[in-house]
Amino acid sequence: MKKGIKRKVALGLCAAVMLSGMQAPALMVGAAQEKEEPQSSVSKEETVYILTEADGSMQDVIVSDWLKNPQKADTISERSDLTEVENVKGDETYTDEAGHVRVWNAGGKDIYYQGRSEQTPPIALSVSYELDGKPILPQELAGKSGKVRIRFTYTNSQYETVDIDGKKERVCVPFAVLTGMILDDEVFHNVEVIGGKLVNDGSRTAVVGIAFPGIQESLQLPEQAAGLPSTLEITADVENFAMGMTLSIATNEVFNQIDIQQLDSIEDLKGSLQKLTDAMDQLINGSSDLREGLRTLSEKSGTLANGVDRLTSGASAIHSGMKELASGAEKLYEGASRLQEGLDTLVSNSSQLTAGAAQVFRTLLDTAAAQLQEAGLSVPAMTIENYADVLNGIINSLDEAAVYQQALSQVTAAVEANRAQIIAAVQDTVKETIRAKVCEAAEQTVTEQVTQTVYETVKDQVILAATGLDRAAYEAAVSAGSITEEQQSQIASAAEAQMQTEDVQQKIAVAVQQQMASEEAKAMIEGQIAAQLQSDEVQSLIALQTEAQVQKLIADNMASDAVQSQLAAASEGAKAVIALKSSLDSYHAFYLGLYAYTAGVAEAATGAGELKTGAESLKTGAGALNQGTGELYNGLVTLQDSVPALLSGISQLLNGSARLADGIKELNEKGIEKLIGALDDPEKVGDVSLLLKRIKAGLELSKEYQSFSEIDEKMEGKVKFIYRTEGIEIKKES
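Going by our numbering, the first residue of the sequence shown is number 1, and it counts up by one from there.
Listed below in structure tokens is the structure:
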């Protein structure tokens with residue numbers, strides 16, 4: 001297993017511990033005066049990602065915003081100074097207005113977007129390095145050996161000048177900063193830390209540090225009163241120095257849980273700090289639960305590995321199929337678009353086409369009349385409607401005209417004898433077209449209903465597995481605020497993931513086919529087909545196509561060798577008129593067919609529009625599925641490659657979980673309890689009333705600081721900052 005993969009797995013586990021360790025106290029401190037998020041307006045939750053060089057100098061600032069829309073508003077108006085804004089979880093659009101105002105077309109949904117910022121974060125991170133007591137640049141440190149000192153310095157620049165008993169004092173917005181990193185024991189030896197804790201699993205050392213930059217200065221407390229550090233320092237002996245990235249999380253949310261109105265005395269302050277101590281005790285107890293959970297996870301790890309292998313194999317097959325589906329959907333959409341464009345063009349030209357055909361017919365009749373008059377025949381005015389009667393009269397007036405009439409009567413009678421079969425054939429063709437459309441619509445409806453039903457069942461199962469609650473109890477817990485947004489999101493994501501599994505999709509497909517094969521569905525489909533067949537529009541189309549077919553068959557038979565041989569004995573004049581009428585009959589059949597064709601084109605254009613819409617949805621869905629299955633497959637391959645390291649990490653983390661509890665206990669005893677003890681010593685804290693006023697001023701500033709990228713004055717917000725420093729790697733020789 002590659003060392004890089006091991007580092008990623010270990011750092012991921014460390015980050016999870018960091019996040020859980022930071023969020024739990026915040027929730028517990030505020031338990032007595034939990035503030036419910038307002039449901040009457042939109043709120044903003046913001047995460048700011050600061051990407052830095054190894055020395056802490058900024059490379060990029062990316063901001064991720066979540067606009068919560070509890071009232072399902074159609075539009076959301078907010079303030080933000082971000083650039084390169086992109087919707088990352090939907091296709092909702094926005095418009096920019098003056099004063100950094102952005103209006104989202106939310107359509108009742110939450111909005112998730114990200115962008116970039118040119119502003120400077122409130123906490124500046126600086127990382128300095130020394131080798132054998134001398135400063136050294138991080139890029140020069142790679143591959144070196146000796147005594148290394150790494151110092152993280154956090155500077156709080158988010159402050160206000162406030163009035164404290166008539167004196168202007170500088171008070172910072174209070175932030176807690178948690179930093180974590182993984183050090184390889186093959187590189188780092190004799191590791192020591194100031195301002196943090198070490199946890200070693202036998203092959204790696206996890207360093208977790210916590211700092212409160214600017215708070216001790218704002219409170220004007222001497223350093224011996226309470227350890228509120230603004231730095232983290234690591235020393236170690238190293239061989240061939242290399243270090244992965246580090247993660248730091250800065251948040252003021254932990255301070256927003258303290259009720260300022262209940263902070264009127266030193267006892268109130270001690271009480272609030274005691275809640276934080278209680279929270280730390282619960283973390284210590286929770287670490288024991290973590291150990292038990294890790295033991296269970298370790299016992300089930302073999303099953304996990306086998307499941308990942310099978311899942312990866314299945315994901316590969318699904319991804320291959322989705323590639324073909326996405327490619328086919330793209331081609332189908334392109335073809336449907338071209339078909340609709342072509343049919344729309346034809347429909348727009350239909351009136352001109354039929355008018356032109358009528359004009360050509362009248363010209364042919366005028367030409368025929370002129371030819372007959374030149375032959376000395378008296379010809380009444382001929383129209384499209386009466387030309388056949390006129391020419392039949394002329395033929396009857398000629399010698400042996402009865403031959404033609406007899407042939408025409410025979411041919412017409414033969415064709416008419418088959419009119420029922422012609423009508424049936426036309427009806428069958430139309431019926432099959434209608435059947436295809438009705439079945440497609442019915443199957444789509446059934447699929448949606450079955451999918452929703454299965455989803456609800458899957459979600460119930462996920463909720464039960466994740467929380468031990470049934471759906472009703474879970475919904476009640478959500479309403480009571482006992483289930484966090486993150487837990488709800490995880491449950492929803494887990495349910496969606498279950499829905500995409502091959503087993504669930506197979507069950508949905510089987511259920512759809514069973515319902516489609518039911519007598520009720522068949523009866524419904526047949527009923528809709530029968531109803532459409534009886535519509536005036538379809539009956540008119542059948543009649544028009546039937547008549548066109550009859551006339552074509554008569555014309556074809558009259559032009560056949562058998563009929564023409566019967567007419568050969570007729571007089572030359574009769575033969576000429578008969579031939580002329582036969583030609584006109586052929587054009588008349590074409591003329592009727594053209595009308596049927598234009599009616600069919602209009603119907604086809606409507607269907608092509610529906611096909612294009614469906615193809616577009618299929619293309620979009622197939623593209624998303626293809627991308628999703630690709631990401632799923634790549635993620636599963638990475639997971640599969642990482643499973644050995646993960647199993648090893650689970651075992652090592654199991655061994656280290658007890659030491660984690662010891663570390664939390666030590667931090668509690670040496671940090672928070674030390675501060676509580678200092679409050680009883682006036683020589684350490686000075687004027688208690690001034691201290692309380694400074695604390696209140698800081699907490700007020702913290703509650704007011706709700707966003708990094710601006711926020712509408714009517715909104716409430718939360719913000720946290722995540723810093724990622726680049727790792728220092730030994731460059732490979734080319």
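Glycine included, each C-beta is placed from N, C-alpha and C at the ideal position.
DSSP puts residue 180 in a beta bridge; with which residues? Counting from one through the sequence shown, the residue named residue 180 turns up at place 180. According to DSSP, which records beta bridges pairwise, residue 180 is partnered with 208, 247.
Relative to the alpha-carbon of residue 71, which residue among 93, 42, 470, 89 has its alpha-carbon at the smallest distance? Residue mapping note: residue 71 aligns to position 71 of the sequence shown, counting from 1. Residue 42 is the option with its Cα nearest to residue 71.
Beta-bridge pairing of residue 197 - partner residues as DSSP gives them: Counting from 1 along the sequence shown, the entry for residue 197 is found at position 197. Here residue 197 is bridged, per DSSP, to 208.
Indicate the three-state DSSP secondary structure (helix, strand or coil) for residue 137 in the structure shown. Within the sequence shown, the letter at position 137 stands for residue 137. Residue state, collapsed to three classes: coil.
Answer yes if the stretch 164 to 183 comes into contact with the stretch 249 to 258, meaning at least three C-beta pairs across the two stretches below 8 Å, and no otherwise. Taking 8 Å as the limit for Cβ pairs, the verdict is that the stretch 164 to 183 does touch the stretch 249 to 258.
For residue 529, three-class secondary structure by DSSP: Numbered from its first residue, the sequence shown carries residue 529 at position 529. It is helical.
Within the stretch 39 to 119, ranges of the beta strand (DSSP E) (whole runs, at least 3 residues): At a cut-off of 3 residues, the continuous stretches assigned as beta strand (DSSP E) that sit fully inside the stretch 39 to 119 are 43 to 52, 58 to 68, 75 to 79, 83 to 87, 94 to 97, 101 to 105, 111 to 116.
When the Cα atoms are used, what is the spatial distance from residue 256 to residue 98? Stepping through the sequence shown from its first residue, residue 256 is reached at position 256. Stepping through the sequence shown from its first residue, residue 98 is reached at position 98. Spanning the two alpha carbons is a distance of roughly 32 Å.
Other residues of its chain near residue 588: CB distance less than 7 Å, five sequence neighbours each side excluded: Position 588 of the sequence shown, counting from 1, holds the residue named residue 588. Residues of the same chain with a CB within less than 7 Å of the CB of residue 588, apart from the 5 flanking positions on each side, are 551 in chain order.
Roughly how many angstroms separate the alpha carbons of residue 135 and residue 128, rounded to a whole number? The residue you call residue 135 lines up with position 135 of the sequence shown. The residue you call residue 128 lines up with position 128 of the sequence shown. Residue 128 has its alpha-carbon roughly 8 Å from the corresponding atom of residue 135.
Rounded separation between residue 233 and residue 191 - CA only: Within the sequence shown, residue 233 is the residue found at index 233, counting from 1. Within the sequence shown, residue 191 is the residue found at index 191, counting from 1. When rounded, the distance between both Cα atoms is 11 Å.
Leaving out five residues on either side along the sequence, give the residues of the same chain with a beta carbon under 8 Å from the beta carbon of residue 532. Sequence index remark: in the sequence shown, residue 532 carries index 532 (1-based). Excluding residues up to 5 positions away in sequence, 434, 438, 538 lie with their Cβ nearer than 8 Å to the Cβ of residue 532 in the same chain.
Counted within 10 angstroms of its Cβ, other Cβ atoms place residue 473 as buried (16 or more) or exposed: Within the sequence shown, residue 473 is the residue found at index 473, counting from 1. Label assigned to residue 473: exposed.
Does the stretch 109 to 128 come into contact with the stretch 193 to 206, if we say contact requires no fewer than three beta-carbon pairs (one atom in each stretch) closer than 8 Å? Flag = no, the stretch 109 to 128 and the stretch 193 to 206 do not touch.
Going straight from the alpha carbon of residue 521 to that of residue 512, what length do you get? Here residue 521 corresponds to residue number 521 of the sequence shown, with the count starting at 1. Here residue 512 corresponds to residue number 512 of the sequence shown, with the count starting at 1. Their Cα atoms are separated by approximately 11 Å.
Three-way DSSP call (helix, strand, coil) for residue 125 in this model: Along the sequence shown, one-based indexing puts residue 125 at 125. Residue 125 falls in the strand class under three-state DSSP.
Which term fits residue 61, buried or exposed, when burial requires 16 or more other beta carbons within 10 angstroms of its beta carbon? Locating residue 61 in the sequence shown gives position 61, where the first residue counts as 1. Burial call: buried.
So for residue 231, helix, strand or coil by DSSP? Numbered from its first residue, the sequence shown carries residue 231 at position 231. Strand at residue 231.
Opening and closing residue of the beta strand (DSSP E) in which residue 721 lies: The residue given as residue 721 occupies position 721 in the sequence shown. Note, residue 721: beta strand (DSSP E), 716 to 725.
How far does the alpha helix (DSSP H) with residue 255 in it extend, from its first residue to its last? Counting from 1 along the sequence shown, the entry for residue 255 is found at position 255. Looking at the DSSP string, the run of the alpha helix (DSSP H) that includes residue 255 is 253 to 256.
Segment limits, beta strand (DSSP E) that includes residue 154: For the purposes of this step, residue 154 is taken as the residue at position 154 of the sequence shown. Segment 146 to 156, the beta strand (DSSP E) holding residue 154.
Got a sec, what are the start and stop residues for the alpha helix (DSSP H) residue 162 sits in? Here residue 162 refers to the residue found at position 162 when the sequence shown is read from its first residue. In the DSSP annotation of this structure, residue 162 is not part of any alpha helix (DSSP H); the continuous beta strand (DSSP E) holding it starts and ends at 159 to 164.
First through last residue of the beta strand (DSSP E) which encompasses residue 168: Indexing the sequence shown from 1 puts residue 168 at position 168. Unbroken beta strand (DSSP E) run through residue 168: 167 to 172.
Residue 583 versus 184, 107, 361, residue with shortest Cα-Cα distance: Residue 583 sits at position 583 when you count from the first residue of the sequence shown. Per the C-alpha coordinates, the member of 184, 107, 361 positioned closest to residue 583 is 361.
Closer than 8 Å by C-beta to residue 75: which residues in its own chain qualify, once you throw out the five before and the five after it? Chain order, please. Counting from one through the sequence shown, the residue named residue 75 turns up at place 75. The residues are 103, 104, 105, 106.
Drop a sphere of 10 angstroms on the beta-carbon of residue 386, count the other beta-carbons inside from all chains shown, and report buried for 16 or more, exposed for fewer. On the sequence shown, residue 386 is found 386 positions in, with the first residue counted as 1. With fewer than 16 other beta carbons inside 10 angstroms of its own, residue 386 counts as exposed.
For residue 725, count neighbouring Cβ atoms within 10 angstroms of its own Cβ and tell me buried if that reaches 16, exposed if not. The residue given as residue 725 occupies position 725 in the sequence shown. That one is buried.
Go ahead and pull the three-state DSSP assignment for residue 131. As a position in the sequence shown, residue 131 is number 131, starting the count at 1. Strand.
Reduced DSSP category for residue 192 - H, G, I as helix; E, B as strand; rest coil: Position 192 of the sequence shown, counted from the first residue, corresponds to residue 192. Residue 192 carries a strand assignment under DSSP once its states are collapsed to helix, strand and coil.
Residue 236, DSSP secondary structure in three states: Within the sequence shown, residue 236 is the residue found at index 236, counting from 1. Three-state result, residue 236: strand.
Let me check understanding here. Comparing Cα to Cα, which of 590, 188, 440, 700 lies closest to residue 142? Counting from one through the sequence shown, the residue named residue 142 turns up at place 142. With distances taken between CA atoms, residue 142 lies nearest to 188 out of 590, 188, 440, 700.
Count the other C-beta atoms from every protein chain shown that fall within 10 angstroms of the C-beta of residue 656, then say buried if there are 16 or more, exposed otherwise. Taking the first residue of the sequence shown as position 1, residue 656 is located at position 656. Interpretation of residue 656 is limited by its pLDDT of 46, a score under 50 that renders its predicted location unreliable; no figure is taken from the coordinates.
Thinking just about the alpha-carbon of each residue, which of 216, 543, 561 is nearest to the one in residue 172? Position 172 of the sequence shown, counting from 1, holds the residue named residue 172. The option with the nearest alpha carbon to residue 172 is 216.
Looking at residue 161: is its Cβ nearer than 8 Å to the Cβ of residue 167? Here residue 161 corresponds to residue number 161 of the sequence shown, with the count starting at 1. Here residue 167 corresponds to residue number 167 of the sequence shown, with the count starting at 1. Note that the C-beta distance between residue 161 and residue 167 is not below 8 Å.
N-terminal and C-terminal residue of the alpha helix (DSSP H) that residue 260 is part of: Translated into positions along the sequence shown, residue 260 becomes position 260. Where residue 260 is concerned, there is no enclosing alpha helix (DSSP H), given that its DSSP letter is neither H nor E.
CB of residue 454 within 8 Å of CB of residue 508, strictly: Along the sequence shown, one-based indexing puts residue 454 at 454. Along the sequence shown, one-based indexing puts residue 508 at 508. Their beta carbons are under 8 Å apart, which means residue 454 touches residue 508 by this criterion.
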